[in-house]
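S.K.: Dropping the structure in here first, questions after.
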Amino acid sequence: MKPIGTRTKAGLASIILIVAFAAANAHLILTSMRSQPDCVPHLKAPEPEGGFRAAQSSC
């Protein structure tokens, strides 16, 4: 049996890394699509200049 060459090992390692990266990203996308955070109350009154608040409430 012929030993595996360095280029073949590097190619296999690259393919494994690409597949693992794609699987991790797919998992993150799937998780973000499944999770819907509950609606939280937002401050509706105008803030003084320089204050931060939600641009538009989704509730």
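Residues in the sequence shown are numbered consecutively from 19, following the numbering used here.
Note that CB positions come from ideal geometry on N, CA and C, so glycine has one too.
All figures in this text were calculated on a predicted structure; none of them were measured in a lab.
(1) When every heavy atom of the ligand GDP is checked, does at least one fall within less than 7 Å of the C-beta of isoleucine 47?
(2) In angstroms with no decimal places, state the Cα-to-Cα distance between alanine 31 and isoleucine 22.
(3) Could you pull the start and end residues of the alpha helix (DSSP H) that lysine 3 belongs to?
M.R.: By the coordinates alone:
(1) As presented, the structure is devoid of all ligands, the ligand GDP included, so that no description of it is given.
(2) Taking the first residue of the sequence shown as 1, we reach residue 31 at position 13. Taking the first residue of the sequence shown as 1, we reach residue 22 at position 4. Rounded to whole angstroms, alanine 31 to isoleucine 22 spans 13 Å at the Cα level.
(3) With the chain covering only 19 through 77, there is no way to say anything about residue 3.
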